[in-house]
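Heads up: the structure comes next, in structure tokens.
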Amino acid sequence: MSTLNLALMIFLLPVAAFAILALAHRRLPRHGDFLANGSMGLALLASIVVFARALAAEEPILVHWTFDWVPTSAARALQGGVLVDGVTAFMLVVVTSVSFLVYLFSVGYMKDDVRYGRYYASLTLFSASMLGLVLADNLLYLFVFWELVGLSSYILIGHWFERKSAADAAVKAFITTRIGDVGMLIGMLICYWKVGSLAYVDLFAAVSGENLFNAGSDVDWQTWAGVGLFFGAMGKSAQFPFHVWLPDAMEGPTPVSALIHAATMVAAGVYLVGRLFPFFTPEAFLFIAYIGAITALFAATIATVQDDIKKVLAYSTLSQLGYMMLALGVGGYVAGLFHLTTHAFFKAGLFLGSGSVIHAMHHEQSMSKYGGLGKKLPLTAATYLVCVLAIIGCPPFSGFFSKDEILAAALAFAQERGEHWFLAFSGFVTAFLTAFYMFRQFFLTFTGRPRDAHAYEHAHESPWTMTVPLVALAILALLAGGKPGWWFEKLIPPHETARTVRAYAAYHETAGGPLAPVVVQAAERLAPTEEHAPAAGDEAHAGAHGAHGLAMTLALSLAFLGVLVAAAAYWQRRDGATYLNPALIARRLRPLHTLLWNKYYFDELYGLIFVGMTLGVMRLMAAFDRIVIDGIVNFAGLFGKISAFVSGILDNWIVDGAVNGLAGLTSLSGGGLAQTATGRVRHYLLFVALGVIALSVLLFVAI
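The sequence shown maps to residues -11 to 691 in my numbering.
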């Protein structure tokens, strides 16, 4: 089967499953869960074939197929297409593998759910939307599936909509990400205005050729377009300050959390930046790097005090996404995308592992009620530990290799430009905090004495449909690492994108852009040329190697220190005591603990500024409507009533009076005349005589 047909099959399988489940899941056995699992299993097999072909291919692009979406003179604007290259290939495997394992896990976790069929229909729509986003060859098609991903997340986060917290969380996620999407739409409009196309290849050609964005203008439209597009990524990947929706999204089912945090929604933002990497300007890169660094450190500090097992993982996801954005911002193209891949596996394992714990503890999510579960859930505990070691960057687990590359890139950049020291500082402090809060979570959950004896007694290991995905993800978390060059960098060989990066970087190097050297290094890493290949003993090569060695040493030392601190505070000895008393430390650092516990009060701040101001404006508009608009209407009504009253008086007393008076006079006259018709001759003679006399008098007077 051709690669194009495989790519279309990967997308259409979950689309077909969604259509069938949405229309007829009630008529299918087990509400059609086998259909969702089967379609995603086949899509995974097809993705593996595409991935293998990408690894073996000599050309960078396997497929680029286009078609006219809407017949128009602006054909490039409304043209659809499928693009399959190395980046597409690894993303297809990530999305389909994690989706399939989440689907399988859901068979056991969601079996008693009242909307079981609808749940699987929503899952297939979610995965299909993400696959369409990955396969798109232009920003317009990407945006269509981007919005479908947002719709799917709204449906799944609010799956238990009868709970107000879940319904509110779904609305919060939908609105927050839409705010970022406004910026993305503005960036797309700038791109079309300047280039006349939204296809990736046209955008890359524009920025590497005549630089159409800035021709004849003092405004750096390309930077503004890049920042606008990144705003969409900030919303989807929950980067500061759009981070507030992701922790609340834990109100959805745990398998949904695993899918959102590992392979679909939040991955879309990082994928967008990676896909458009050659397009961003040095100034936009710097903005991306700082947003990533702030998010990584900010979220890690909050995770250190959370008690909800899923909230800890949610803030961990925020922090790791910040790592990815930091890497891309400082030129670590391979490092950022490689960490996206490894993170998908170990974060999915962590979320599904937390789901296994929650399932065993009868949906209790507070770690303060856990303890000693390693004895009751040995397989869950073992796989969870593997994923924890991966996320903290312990060798030889996958997270070590990807995080090591990120920290090395950040340190090299800080050494190159000392004024941006915060970027490296944030990365290394986050490494320490990650090790601390992840092992804090592991010790509180799986070690020590049970803190809820009743729940502990009834806890048991999850069924095979839940443990098999845990084992598979733990294996991937262990084996997906290695030096990126052995498989990941092979997916990004010297090709059009790399040459575009180099040409673009050279342009900005002559312009003195702040990140030009880093972008040049990224280009050379993607596609080294002989004239730029590092020679033995070359100072730049030695400096980069030294930064890498120092970064690895610092990261491992800080991670080890974080594990020691967590063990001292939360690992119970035989007598049930710990070396440090975390409750006492929290009391002594109460202001800081309160600040972190309340997540820096961002929800309250947003509630006051945005929600409060919106409600205030609405109240003001309601008062204006009630006092001014209703006042005018009511005054007009009162004037109408007065006019009607006066009109009634005139009608009743004057018009009707005149008419009635004339009628009464006529009636009276008629009655009087009627008296003269007596039928007697003498009376008529008398009337004649009186008439003659009256006429005589009138004539006499007149004469």
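Note that beta-carbon positions come from the ideal geometry of N, C-alpha and C, so glycine has one too.
These figures come from a predicted structure and were not determined experimentally.
Ile(-2) and Ala557 have their C-alpha atoms some 48 angstroms from each other. Taking a 10 Å sphere around the C-beta of His13, we find 16 or more other C-beta atoms and assign the residue as buried. By the 16-neighbour rule on beta-carbons within 10 angstroms, Gln294 is buried.
Between Gly240 and Ala423, the beta carbon gap of about 28 angstroms keeps them out of contact (Cβ cut-off 8 angstroms). In this structure, Ala255 sits away from Ala323, with a CB-CB distance that is not shorter than 8 angstroms.
It is roughly 15 angstroms from the alpha-carbon of Phe413 to the alpha-carbon of Gly317. Under the DSSP assignment, Asp73 falls in the beta strand (DSSP E) whose first and last residues are 67 to 73.
Between Leu123 and Ala(-5), the C-beta spacing is below 8 angstroms. Distance from the CA atom of Gly337 to the CA atom of Phe612, rounded to whole angstroms, is 55 angstroms. Spanning the alpha carbons of Ala7 and Arg15 requires a straight line of approximately 14 angstroms. Rounded to the nearest whole angstrom, the C-alpha separation of Ala226 and Arg263 is 18 angstroms. Under DSSP, the beta-bridge partners assigned to Asn126 are Ala187.
In the three-state DSSP reduction, Ser(-10) falls in the coil class, being neither helix nor strand.
A straight-line Cα-Cα distance of about 16 angstroms links Met454 and Tyr104.
By the neighbour-count definition (other C-beta atoms within 10 Å, threshold 16), Glu407 is an exposed residue.
Residue Val83 holds the alpha-carbon nearest to the alpha-carbon of Leu119 among Tyr97, Phe334, Val83, Phe149.
By the neighbour-count criterion, in which 16 or more other beta carbons inside 10 Å mark a residue as buried, Lys160 falls on the buried side. DSSP places Phe219 in the uninterrupted alpha helix (DSSP H) bounded by 209 to 224. Our two residues, Tyr91 and Lys182, have alpha carbons roughly 43 angstroms apart in a direct line. Judged by their CB atoms, Leu309 and Thr283 are nearer to each other than the 8 angstroms cut-off. Taking 4 residues as the minimum length, the alpha helix (DSSP H) runs contained wholly in the segment 231 to 318 are 233 to 236, 242 to 250, 253 to 263, 270 to 291, 297 to 317, in order along the chain. Boundaries of the beta strand (DSSP E) around Leu50: 49 to 56. For the options Ala34, Leu399, Asp21, Ser141, the alpha carbon positioned closest to that of Gly96 is the one of Asp21. Listed in chain order, the non-local C-beta contacts of Asp236 below 6 angstroms within the same chain comprise Ala157, Lys160, local neighbours out to five positions each way being set aside.
Checking the DSSP bridge columns, you'll see Ser354 partnered with Asp296. In the same chain as Ala77, and ignoring 5 residues on each side of it, the C-beta atoms closer than 7 angstroms to its own belong to Val38, Phe39, Ala42, Leu479, in chain order. Taking C-alpha positions only, Phe219 is separated from Val244 by approximately 24 angstroms. DSSP, read as helix, strand or coil, puts Ile178 in helix. In the three-state reduction of the DSSP assignment, Glu449 falls in the coil class, being assigned neither a helical nor a strand state.
For Ile380, no alpha helix (DSSP H) run applies, since DSSP gives it neither H nor E.
In chain order, Ala5, Leu9, Tyr91, Tyr108, Leu111, Thr112 place their CB closer than 7 angstroms to the CB of Ala24, counting only its own chain and leaving out the 5 sequence neighbours on each side. Below 8 angstroms, enough C-beta pairs join the segment 459 to 470 and the segment 369 to 381 to call them touching: three or more.
Boundaries of the alpha helix (DSSP H) around Arg575: 570 to 576.
In this structure, Gly138 sits away from Met222, with a CB-CB distance that is not shorter than 8 angstroms. Our two residues, Tyr311 and Ile394, have alpha carbons roughly 7 angstroms apart in a direct line.
In terms of Cα proximity to Ala441, the closest of Gly360, Leu247, Leu432 is Gly360.
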